[in-house]
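Novice: Residue numbering for the sequence shown is 1002 to 1228, as defined by our numbering.
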Amino acid sequence: MRAKFSVLLLLDFLPVFLILISTSEAATVKPANISDGELMERVKNDPADEIKVSFWDLPLWIKMHHILTLVAGFIAIWKLLPFFIGKIKVGLKNRSRKKVLEFITRNPGVSLKDLDVHFKISRSTLRYHVDVLEREGKIITIKAGKERLAFPVEYFIFNGRDVDKAIVLRSDARKRILDVLSKNGDMTLGELARTLEMNYKTLHYHVNILQKVGFVDFDGRNVKVRL
């Protein structure tokens, strides 16, 4: 297995070796033993009808050397291209993941649905970023009903007791109940149901949840916001 890996590694870097060898074996040009002034004078005095030699008139070994160098260069670029493309993709993914983390940090308890709406990316891509952030220990997700809510780890460290409250307040109905109680003070369950135009049984369910997390006091009839 190790020998097979070595052969594959050699094949991957062979084009690079060919470039290095071809450039090292290229013709060495030695400086002429003349001054710059003499050299310029010779260039000026070159005959106008000097014979120009095209590439195809060069010796075969020079043409082969040049062609092999070009081929080796193209192969090297082709081999290294996936590496650079992969680096670019990783960079873009990390940038997107960082934006997701920053949004969750600013909005503890945000749902995956809300993240999807905000970033306008596919649910699978978003779920991938969230899963990676959770594996890295940067966020924690909690299942709340049919939703999956995301919290930064720091939120649990400093506000662990408020997690239940954050989940409870994701309900618009419960927010309305607290808003009405804050404005009107103590109310009976019947008064609250009429004010909110909410089914009595549904209201009873929400008030019980608000009582469990400490938002209200409820004795079965009267409801009061807990200060």
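We put the beta carbon where it would ideally sit given N, CA and C, even for glycine.
If we ignore side chains and look at the alpha-carbon of each, how far apart do E1137 and G1221 end up?
Specialist: As a working mapping, residue 1137 is identified with position 136 in the sequence shown. As a working mapping, residue 1221 is identified with position 220 in the sequence shown. Cα-Cα distance, rounded: 45 Å.
Novice: How do the region 1179–1190 and the region 1141–1157 stand: do at least 3 beta-carbon pairs fall below 8 Å, yes or no?
Specialist: At 8 Å Cβ cutoff, the stretches do not touch.
Novice: Using DSSP's beta-bridge definition, name the partner residues of S1172.
Specialist: Along the sequence shown, one-based indexing puts residue 1172 at 171. DSSP, once it has assigned bridges, lists no residue as partnering S1172.
Novice: Can you say whether I1022 is buried or exposed, counting buried as having 16 or more other CB atoms within 10 angstroms of its CB?
Specialist: As a working mapping, residue 1022 is identified with position 21 in the sequence shown. Because I1022 carries a pLDDT of 49, less than 50, the predicted location of this residue cannot be relied on, and the following value inherits that uncertainty. Exposed, by the Cβ-count rule.
Novice: Is R1175 closer than 9 Å to L1211 when the C-beta atoms are compared?
Specialist: Taking the sequence shown and counting its residues from 1, the one referred to as residue 1211 is at position 210. Taking the sequence shown and counting its residues from 1, the one referred to as residue 1175 is at position 174. Yes; because the gap between Cβ atoms is below 9 Å, this pair is in contact.
Novice: On the premise that G1215 lies in contact with I1168, defined as a C-beta separation below 8 Å, what is that separation, rounded to the nearest angstrom?
Specialist: Along the sequence shown, one-based indexing puts residue 1168 at 167. Along the sequence shown, one-based indexing puts residue 1215 at 214. Their Cβ separation, rounded to whole angstroms, is 13 Å, which puts I1168 and G1215 out of contact at 8 Å.
Novice: Since V1217 is in the beta strand (DSSP E), which residue starts that stretch and which ends it?
Specialist: Reading the sequence shown from its first residue, position 216 is the one you call residue 1217. Unbroken beta strand (DSSP E) run through V1217: V1217 to F1219.
Novice: Look up I1122 in the DSSP assignment and say whether it is helix, strand or coil.
Specialist: Numbered from its first residue, the sequence shown carries residue 1122 at position 121. Looking at I1122 - three-state DSSP - the assignment turns out to be coil, as it is neither helix nor strand.
Novice: On a Cα-Cα basis, can you pick out the residue from R1098, H1119, T1106 and F1219 that is closest to E1230?
Specialist: Outside the shown range of the chain, which is 1002 to 1228, sits residue 1230, and nothing can be said about it.
Novice: If I measure Cβ to Cβ from L1127 and keep anything under 6 Å in the same chain, skipping five residues before and after, which residues do I get?
Specialist: Indexing the sequence shown from 1 puts residue 1127 at position 126. So the qualifying residues of the chain are L1116 and D1117.
Novice: What's the call for I1140, buried or exposed, on a 16-neighbour Cβ count within 10 Å?
Specialist: As a position in the sequence shown, residue 1140 is number 139, starting the count at 1. When all chains shown are included, I1140 counts as buried.
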